[in-house]
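Read left to right, the sequence shown gives residues -19 to -1, 1 to 100 (mature numbering (1 follows the signal peptide of the UniProt record, and there is no 0)).
Backbone N, C-alpha and C fix where the C-beta goes; we use that ideal spot for every residue, glycine too.
Here the structure is laid out as structure tokens; the discussion comes afterwards.
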Amino acid sequence: MRLLFILLCSFASASAACAGGDPLARLRALSAAAQCRQSADCRTVPVGVRACGGPASYLAVAKSDEVAAQALAQRHAEQRRQQMARSPEPPSTCEVIRDPGAQCVAGRCVAGNSALPAE
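Below, the structure written as structure tokens:
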């Protein structure tokens, strides 16, 4: 799994992000590299922030990368909070985004159905 992450980071478009600059790009690369054998090998990580609280979305990651993914997600959320504080425009709606859960599909961790309405 880490080899795939390294390979993803070797592409020109991802190299700056993987070098430590953009936590969201690194998080997306981790998500893209998330391999599994069963759904128990996968987790979701909340990404970003909404104006009224809560995450903007969720990404599926491998259980083995969950701690690193959470750290990247926290760094990204802090960056977004700082951007939102400087922006005169409302950055997002206040809708609640439900955790779609993660599942193993064809050896890859993917987010479940994120189109479910909030209760």
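Reduced DSSP secondary structure (H/G/I, E/B, other) of residue i
i	result
Q16	strand
P27	strand
A41	strand
P69	coil
E59	helix
D22	helix
R7	helix
residue 102	Nothing in the structure corresponds to residue 102, since the chain is present only between -19 and 100.
A32	coil
Proximity of residue i and residue j at Cβ, strictly below 7 Å
i	j	result
Q51	V26	yes
A41	C85	no
S38	V28	yes
V30	R62	yes
residue 113	A43	A query on residue 113 cannot be resolved here, the shown segment of the chain reaching from -19 to 100 and no further.
Buried versus exposed call for residue i [16 or more other C-beta atoms within 10 Å across all chains shown]
i	result
S68	exposed
A54	buried
R18	exposed
A32	exposed
C23	buried
A92	buried
A6	buried
Residues bridged to residue i (per DSSP)
i	result
R89	Q16, V86
Expected contact under 8 Å - CB spacing of residue i and residue j to nearest Å
i	j	result
H57	L8	6 Å
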